[in-house]
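Numbering of the sequence shown is given in our numbering, commencing with residue 4 and proceeding in unit increments.
Encoded as structure tokens, the structure appears first; notes follow it.
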Amino acid sequence: MEILFLGTSAGWPLPRLGCSCNICVSSDPKDKRFRPSILINSSLLLDAPIDTYQELKNLKVDCTKITHILLTHAHVDHIFGLYDLSHIYNRVTADYRLKEKINLIAPLGIIQAARRLLGVSLQAFKIKEAKPFDKIEIGNDASVSFIPVEHGSTEAYGIKVKAPKPIFYAPEFRRILPSSKKQIGDVEIAVIDGSSKTGYGQAKGHETIEEGIRLGKEIRAKKIFFTNIGHKTDKHENLVNFVKSQGGEKFSIAFDGLEVKV
Ligand SMILES: [Zn+2]
Ligand SMILES: [Zn+2]
């Protein structure tokens, strides 16, 4: 099972426009981040951020293999890529009929909000409504479930994917309630919110990396990756040292283009 991090920034990419802080002027390619999403086994895309087109192009991903898109929540930085994904060629027959639509799976409130914010019908996708906590079989021995998380007043989820090994992806949240934590269970990797390092510059609706280290020690994940790396954090190299010294070897910082095999 392969996980490819397509993007790992918070709501705005790094470097930020017009900024000359130590992250934004860094020469380390790992400090250049687009909005967050992951691709599992070349076919399951978790979130469709604004930068999806560029991420797929830069990382030379064969986008015709994408069969499913799953959405954690309907903030613009997680859904605006749907617009470009609605026009993937090679998915049409010789007479220009669509061979097979990409499955778009999310709880109803997220589908509705995505439709409203994008201002298009989403008819390019085969929509499947997910019920929170329910396991949805998606073929090829894979299943997904949407586990509610607190993210300000926005409906949001962490997505547990078994394909066939279990992983948990929750790029944005302030808190995970005990009822949801229990449902994460044993996972190979958990990918969690790293939008600020400490309470300094902590964005509303988000946990800090410091808090994430405590959470990571609590849940049963073999490895924890932080994504959704914000501007009030640090250079990649310093963040890696920070999480390893505070949390131990199982903690890492994701970066754009990182591939993880489990
Ligand atoms: Zn900066
Ligand atoms: Zn959000």
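Glycine residues also receive a C-beta, built at the ideal position from the N, C-alpha and C atoms.
Here the structure is a predicted model, which is why all the values come from computation and not from measurement.
Boundaries for K225: no alpha helix (DSSP H) harbours it, while the beta strand (DSSP E) harbouring it runs A224 to T230, taken from the DSSP string. Near ligand 2, residues with a Cβ at less than 5 angstroms from any of the ligand's heavy atoms are H78 and E175; the list follows chain order.
Note on the stretch 90-166: whole alpha helix (DSSP H) runs with a minimum of 4 residues are 111-121, in chain order.
S30 carries a coil assignment under DSSP once its states are collapsed to helix, strand and coil. According to the DSSP assignment, Y172 belongs to the beta strand (DSSP E) that extends over P169 to A173.
Secondary structure of G10 (DSSP, three-state): strand. Note on geometry: alpha-carbon atoms of I216 and A173 lie some 14 angstroms from one another. Shortest Cα-Cα distance from I162 to any of K235, G84 and I43 involves I43.
Using a Cβ-Cβ distance cut-off of 8 angstroms, the stretch 222-237 and the stretch 195-207 are in contact, since at least three pairs of beta carbons, one from each stretch, lie closer than that value. With respect to G84, T55 sits close: the two C-beta atoms are nearer than 7 angstroms. Looking at the DSSP output, S255 shares a beta bridge with F228. Apart from the 5 residues on each side of it in sequence, I6 sits with its Cβ closer than 6 angstroms to the Cβ of I41, I43 and V263 in its chain, given in chain order. Between the alpha carbons of I53 and V246 lies a gap of roughly 28 angstroms. Remark: C-beta atoms of K168 and M4 approach each other more closely than 7 angstroms. The DSSP assignment places 190-196 and 224-230 as complete runs of the beta strand (DSSP E) inside the stretch 187-251, in order along the chain (cut-off: 3 residues).
R118 and S30 have their alpha carbons spaced roughly 39 angstroms apart. Within the same chain, Cβ atoms closer than 6 angstroms to the Cβ of G204 are found at K235, the five residues on either side in sequence being excluded. If the five residues before and after D144 are omitted, its C-beta is found closer than 6 angstroms to the C-beta atoms of P167, all from its own chain and listed in chain order. Remark: C-beta atoms of S146 and K134 do not approach each other more closely than 7 angstroms.
Contact annotation: C66 and I91 have beta-carbon atoms nearer than 7 angstroms. Here the C-alpha atom of L74 lies approximately 19 angstroms from the C-alpha atom of A257. For the pair V152 and I114, the CB atoms are not nearer than the 7 angstroms cut-off.
The C-alpha of N231 is placed about 11 angstroms away from the C-alpha of D259.
For H81, the enclosing alpha helix (DSSP H) stretches over residues V79 to I82. Within 10 angstroms of the beta-carbon of E140 lie fewer than 16 other beta-carbons, which makes it exposed.
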